[in-house]
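Trainee:
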């Protein structure tokens, strides 16, 4: 039987180029590096002792972001002058592996990845006491914090690159977590009271009448990315009643018993399948809540979805929410992205957590 942990390490290493992780080289749209995906791939690799790979990603991200300093300055100048912003003013959500912006049209204005990277960088620096990396990354951190500070209340695409005109609690949680992480190492970088303002905004405006967090402001549905609010970004604790209400609704609305977790109930991307990385996120939450057997069951299910080669897809298609859309997406972009490095990174993280907790 194939060793899925070792195979995941091999697949991730094969998809890393000068630090950048390509989301999925076999998929037409994913030959880029996302800060969001890359942060979690790096975190998973670091959890299983592959710290040099994780460090290389953070170095790549810092180098890349420093190169966008002038773009951020120009954006901030437009804001100061009261000029209207266009989508061309914003930083990209995905980068070519050499750090440049792609030329293809893409829903680029997404903020969550920037918060995720700040969080992941600080976790790495703290875990390894890597002052050299921190000093190397400080200019990039300063750029990102200024960018987030200016735009955190702006509607932007969610982590699924959808719903441009709304504000998303999962995105705000990532920004909160990233800013709190930076504040713990360099409080002078973060405007006083900003993390607290973001948290207050979420708790005031993003809780539905029945007590759970909303997918986005104005939409009372749940999204699996709402798990981020507690893990890892700790905008609230996993035992917070608002989070527990959200978890219960996720379990009821977008978790298939005996299977995996969907992104959200109205998902039509590739027919709306169960996502491996989200199933692993739910397992992480279960571990934090002491529900170890349920966590292990979810990880076992994820393992069963790997191909004989050990490759893990983005999502699986046996129990689709909107099956009529599947063929349309295959025609447009090809088969479901496989192997998705983010799936493998989350798998490594959960294997590490289970080995320590179960």
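Numbering (the numbering used here), first residue to last: 1285 to 1642.
Beta carbons are placed, not taken as given, at the ideal position from N, Cα and C, and that holds for glycine.
(1) Is the separation between the beta-carbon of residue 1391 and that of residue 1327 shorter than 8 Å?
(2) From the DSSP secondary-structure annotation, give me the bridge partner or partners of residue 1548.
(3) Along the alpha helix (DSSP H) that carries residue 1342, what are the first and last residues, could you check?
(4) Does residue 1443 pass the burial test, meaning 16 or more other C-beta atoms within 10 Å, or should it be called exposed?
(5) Assuming residue 1361 is part of the alpha helix (DSSP H), what are its boundary residues?
(6) Going by DSSP, what residue range makes up the alpha helix (DSSP H) through residue 1683?
(7) With distances taken from CA atoms, which of 1482, 1397, 1403 is nearest residue 1470?
(8) To the nearest angstrom, how far is it from the Cα of residue 1472 to the Cα of residue 1460?
(9) For residue 1421 and residue 1313, what's the separation of their Cα atoms in angstroms?
(10) Using the three-state DSSP reduction, which class does residue 1467 fall into: helix, strand or coil?
(11) Does the segment 1562–1571 come into contact with the segment 1628–1640, if we say contact requires no fewer than three beta-carbon pairs (one atom in each stretch) closer than 8 Å?
(12) When DSSP labels each residue in this structure, what does residue 1617 get in the three-state scheme?
(13) Taking only three categories from DSSP, how would you classify residue 1609?
(14) To the nearest angstrom, report how far apart residue 1344 and residue 1423 are at their CA atoms.
(15) How is residue 1575 classed by DSSP in three states: helix, strand or coil?
(16) Out of 1381, 1583, 1535, which has the shortest C-alpha to C-alpha gap to residue 1305?
(17) Does DSSP classify residue 1436 as helix, strand or coil?
(18) For the alpha helix (DSSP H) containing residue 1411, name the first residue and the last one.
(19) Would you please state the rounded distance, in angstroms, between the beta carbons of residue 1250 and residue 1375? I believe it to be under 8 Å.
(20) Hey, would you say residue 1498 sits closer than 8 Å to residue 1439, going by beta carbons?
(21) Taking the alpha carbon of residue 1638 as the reference point, which residue from 1612, 1566, 1600, 1605 has its own alpha carbon closest?
(22) What does the alpha-carbon distance come out to for the pair residue 1310 and residue 1342?
(23) What residue does the alpha helix (DSSP H) around residue 1530 start on, and which one ends it?
(24) With DSSP as the reference, please indicate the residues paired to residue 1491 in a beta bridge.
(25) Hey, residue 1540 and residue 1507: beta-carbon distance below 8 Å or not?
(26) Taking only three categories from DSSP, how would you classify residue 1485?
(27) Measure the C-alpha to C-alpha separation of residue 1396 and residue 1425 and round it to an integer number of angstroms.
(28) Residues in its own chain within less than 8 Å of residue 1526 by CB, not counting five upstream and five downstream?
(29) Find the nearest neighbour of residue 1319 within the set 1337, 1299, 1346, judged by alpha-carbon distance.
(30) Please say whether residue 1598 and residue 1624 have beta carbons closer to each other than 8 Å?
Mentor: By the coordinates alone:
(1) Here residue 1391 refers to the residue found at position 107 when the chain shown is read from its first residue. Here residue 1327 refers to the residue found at position 43 when the chain shown is read from its first residue. Against a cut-off of 8 Å, the Cβ pair of residue 1327 and residue 1391 comes out as no contact.
(2) Numbered from 1 along the chain shown, position 264 holds the residue referred to as residue 1548. In DSSP, residue 1548 forms a bridge with 1507.
(3) Position 58 of the chain shown, counting from 1, holds the residue named residue 1342. Start and end: 1335–1350.
(4) To locate residue 1443, count along the chain shown from 1; it is residue 159. Per the 10 Å Cβ criterion, buried.
(5) Counting from 1 along the chain shown, the entry for residue 1361 is found at position 77. Unbroken alpha helix (DSSP H) run through residue 1361: 1353–1365.
(6) In the structure displayed, the chain extends from 1285 to 1642; residue 1683 sits before or after that span and is not available.
(7) Taking the chain shown and counting its residues from 1, one reaches residue 1470 at position 186. Nearest C-alpha to residue 1470: 1403.
(8) As a working note, residue 1472 is residue 188 in the chain shown. As a working note, residue 1460 is residue 176 in the chain shown. Each residue's Cα considered, the two are about 16 Å apart.
(9) The residue labelled residue 1421 in the question sits at position 137 within the chain shown. The residue labelled residue 1313 in the question sits at position 29 within the chain shown. C-alpha separation (whole angstroms): 28 Å.
(10) For this step, residue 1467 is matched to residue 183 along the chain shown. Three-state result, residue 1467: helix.
(11) yes
(12) Within the chain shown, residue 1617 is the residue found at index 333, counting from 1. In the structure shown, residue 1617 sits in a helix (DSSP, three-state: H, G or I).
(13) Here the question's residue 1609 lines up with position 325 in the chain shown. Helix at residue 1609.
(14) Here the question's residue 1344 lines up with position 60 in the chain shown. Here the question's residue 1423 lines up with position 139 in the chain shown. Cα to Cα, residue 1344 sits roughly 13 Å from residue 1423.
(15) As a working note, residue 1575 is residue 291 in the chain shown. Note: residue 1575 maps to coil in three-state DSSP.
(16) As a position in the chain shown, residue 1305 is number 21, starting the count at 1. The shortest Cα separation from residue 1305 among 1381, 1583, 1535 belongs to 1381.
(17) Here the question's residue 1436 lines up with position 152 in the chain shown. Of the three classes helix, strand and coil, the one that applies to residue 1436 here is coil, per DSSP.
(18) For the purposes of this step, residue 1411 is taken as the residue at position 127 of the chain shown. Counting along the chain, the alpha helix (DSSP H) containing residue 1411 begins and ends at 1396–1412.
(19) The structure shown has nothing for residue 1250, since the chain only spans 1285 to 1642.
(20) Within the chain shown, numbered from 1, the residue matching residue 1498 stands at position 214. Within the chain shown, numbered from 1, the residue matching residue 1439 stands at position 155. No. Outside cutoff.
(21) Indexing the chain shown from 1 puts residue 1638 at position 354. Comparing Cα positions, the closest option is 1566.
(22) The residue labelled residue 1310 in the question sits at position 26 within the chain shown. The residue labelled residue 1342 in the question sits at position 58 within the chain shown. Using only the alpha carbons, I get a separation of about 24 Å.
(23) On the chain shown, position 246 is the one that residue 1530 refers to. Here the alpha helix (DSSP H) through residue 1530 covers 1525–1537.
(24) Residue 1491 sits at position 207 when you count from the first residue of the chain shown. BP columns for residue 1491 point to 1497.
(25) Looking up residue 1540 in the chain shown gives position 256. Looking up residue 1507 in the chain shown gives position 223. No, these two residues do not count as a Cβ contact at 8 Å.
(26) Residue mapping note: residue 1485 aligns to position 201 of the chain shown, counting from 1. Helix at residue 1485.
(27) Indexing the chain shown from 1 puts residue 1396 at position 112. Indexing the chain shown from 1 puts residue 1425 at position 141. Those two C-alpha atoms are separated by around 15 Å.
(28) By 1-based counting over the chain shown, the position of residue 1526 is 242. The residues are 1487, 1491, 1495, 1496, 1497, 1520.
(29) Position 35 of the chain shown, counted from the start, is the residue given in the question as residue 1319. It is 1346 whose Cα lies nearest to the Cα of residue 1319.
(30) The sequence position of residue 1624 within the chain shown is 340, counting from 1. The sequence position of residue 1598 within the chain shown is 314, counting from 1. Yes; because the gap between Cβ atoms is below 8 Å, this pair is in contact.
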